[in-house]
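The sequence shown: position 51 = 51 (full-length UniProt numbering), numbered continuously.
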Amino acid sequence: MILIADGGSTKCDWIAVDETGNTLFKTRTKGVNPALLSKKEVVERIAESPELSSHKAEVKKVFFYGAGCGMEKQQKGLAKAFKRFFVEAEVIDVKEDLAAAVYACTEEAGVVCILGTGSNCCYFDGKEIYTRMPSLGYTIMDDASGNFIGKQLLRAYYFKQMPEYLADKFRVEYDLDPTKVKKKLYKKANPNAYLASFAKFLFENIEEPFFQALLKEAALSFLKSHLMLFREELLTKPAHFVGSIAYYAKDQITEVLKEHGIQTGKFVRRPIDGLVRYHTSKVAS
Numbered sequence: 001m002i003l004i005a006d007g008g009s010t011k012c013d014w015i016a017v018d019e020t021g022n023t024l025f026k027t028r029t030k031g032v033n034p035a036l037l038s039k040k041e042v043v044e045r046i047a048e049s050p051e052l053s054s055h056k057a058e059v060k061k062v063f064f065y066g067a068g069c070g071m072e073k074q075q076k077g078l079a080k081a082f083k084r085f086f087v088e089a090e091v092i093d094v095k096e097d098l099a100a101a102v103y104a105c106t107e108e109a110g111v112v113c114i115l116g117t118g119s120n121c122c123y124f125d126g127k128e129i130y131t132r133m134p135s136l137g138y139t140i141m142d143d144a145s146g147n148f149i150g151k152q153l154l155r156a157y158y159f160k161q162m163p164e165y166l167a168d169k170f171r172v173e174y175d176l177d178p179t180k181v182k183k184k185l186y187k188k189a190n191p192n193a194y195l196a197s198f199a200k201f202l203f204e205n206i207e208e209p210f211f212q213a214l215l216k217e218a219a220l221s222f223l224k225s226h227l228m229l230f231r232e233e234l235l236t237k238p239a240h241f242v243g244s245i246a247y248y249a250k251d252q253i254t255e256v257l258k259e260h261g262i263q264t265g266k267f268v269r270r271p272i273d274g275l276v277r278y279h280t281s282k283v284a285s
């Protein structure tokens, strides 16, 4: 059995296939990010899945693509955690989420962007993946991501910039008691995922002009900070986007990029589907 996974900070999608490429089962767990979780916590999260627990002895290969896996230390640490759980696995391959984004989007040269709970960007020349900045996480980076949007929503609410009727709806849907919000931001685990949880409200009310403007500002911020690192490549190559935020903000992203003469390519919500195609094609060959 071959296990393929796409892991973010909020959730992790898993698909098991056999040696002929047939899908055996699919499941979803809480996010698996080695930059935020200990090995023990990773194992505990995997063990919560009945499917993974009942089939763990059958797993011979694990291919994991995830947030927080850009450094060798995190890759090795996560591989050790997986080996504790999938004890019969002969191959455990851990790569950063940019690889998953590339494999899900294209086999040709282009700029590939991730807009999910976090955000990132790279250039793929058809063979190799290149980055031009380290990923320093949600505190100072992650422009246009779910946690970035969540942060902007909270700021707009508390600074009373959000229209009153939207603020009323926001208050009904979420517990916005300042003491509780601060506790989740500064005392609890996964504050980036907590911030990203607010993005759902925006997309449920995406027809609102205030939210349309917020999304365009987020897309422009990503363009200035991330895409401009690849300005030369973008003169002739498209920008592809992966992740739920990118998928639901497709219109706003396309509009902003068009205004700056940048061609958009594919918008892929879930990279796991492209990863399955990538790995099953290898199995078949």
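Positions of the beta carbon are idealized from the N, C-alpha and C atoms, including for glycine.
If we call anything under 7 angstroms between Cβ atoms a contact, is Leu195 one with Lys151? yes
Per DSSP, the bridge partner or partners of Ala16: Leu3 and Phe25
Output yes or no for whether 7 angstroms exceeds the beta carbon distance between Ala189 and Thr117. no
The alpha helix (DSSP H) that contains Tyr157, what's its start and end? Gly146 to Tyr158
Please confirm if the stretch 74 to 83 is in contact with the stretch 204 to 212, defined as three or more CB-CB distances below 8 angstroms between the two stretches. no
Output needed for Tyr72: all residues of its chain with C-beta closer than 8 angstroms, excluding positions within five of it in sequence on either side, in chain order. In the sequence as displayed, the identity of residue 72 is Glu instead of Tyr. Taken in chain order, the list of residues that qualify is empty.
According to DSSP, simplified to helix, strand and coil, what is His240? strand
Assumed close pair Cys105, Lys266 - CB separation to whole angstroms, cut-off 8 angstroms: 5 angstroms
Ser49 and Thr23 look like a contact to me (Cβ under 8 angstroms); what is the Cβ gap, rounded to whole Å? Going by Cβ atoms, the distance from Ser49 to Thr23 rounds to 16 angstroms, so no, they are not a contact pair.
Own chain, CB closer than 6 angstroms to Pro163, minus 5 neighbours either side, in chain order: Phe210
Check whether the Cβ atoms of Phe86 and Val42 lie closer than 7 angstroms to each other. no
Of the residues Gly8, Thr236, Glu259 and Pro178, the one placed nearest Leu220, counting alpha carbons only: Glu259
Within 7 angstroms, strictly: CB atoms of Phe170 and Tyr157: yes
Quick check: the stretch 263 to 277 against the stretch 238 to 245, are at least 3 beta-carbon pairs closer than 8 angstroms? yes
Taking the beta strand (DSSP E) that Glu96 falls in, what are its first and last residues? Val91 to Glu96
Inspect the beta-carbon positions of Ala143 and Phe230 and report whether they are closer than 7 angstroms. In the sequence under discussion, the amino acid at residue 143 is Asp, which differs from the Ala named in the question. No, the Cβ-Cβ distance between Asp143 and Phe230 is not below 7 angstroms.
DSSP beta-bridge partners for Phe63? Ile4 and Asp93
Name, in chain order, the residues that DSSP records as bridge partners for Cys69. Beta-bridge pairing links Cys69 to no other residue.
For Asp168, is the classification buried or exposed, using 16 other Cβ atoms within 10 angstroms of its Cβ as the cut-off for buried? exposed
How big is the Cα-Cα spacing for Val17 and Leu257? 38 angstroms
Boundaries of the beta strand (DSSP E) in which Val172 is found, first to last residue: No beta strand (DSSP E) holds Val172; the alpha helix (DSSP H) holding it covers Glu164 to Glu173.
Taking the C-alpha atoms as reference points, what is the distance between Ala35 and Ala239? 27 angstroms
Here's the rule I'm using: 16 or more other beta-carbon atoms within 10 Å means buried, otherwise exposed. How should Met1 be labelled? buried
If distances are taken between C-alpha atoms only, which option among Leu153, Pro191 and Ile15 comes closest to Phe198? Leu153
Which of the three DSSP states is assigned to Asn120 in this structure? strand
DSSP-derived helix/strand/coil call for Val42: helix
Among Glu233, Phe25 and Leu214, whose alpha-carbon lies nearest the alpha-carbon of Ile253? Leu214
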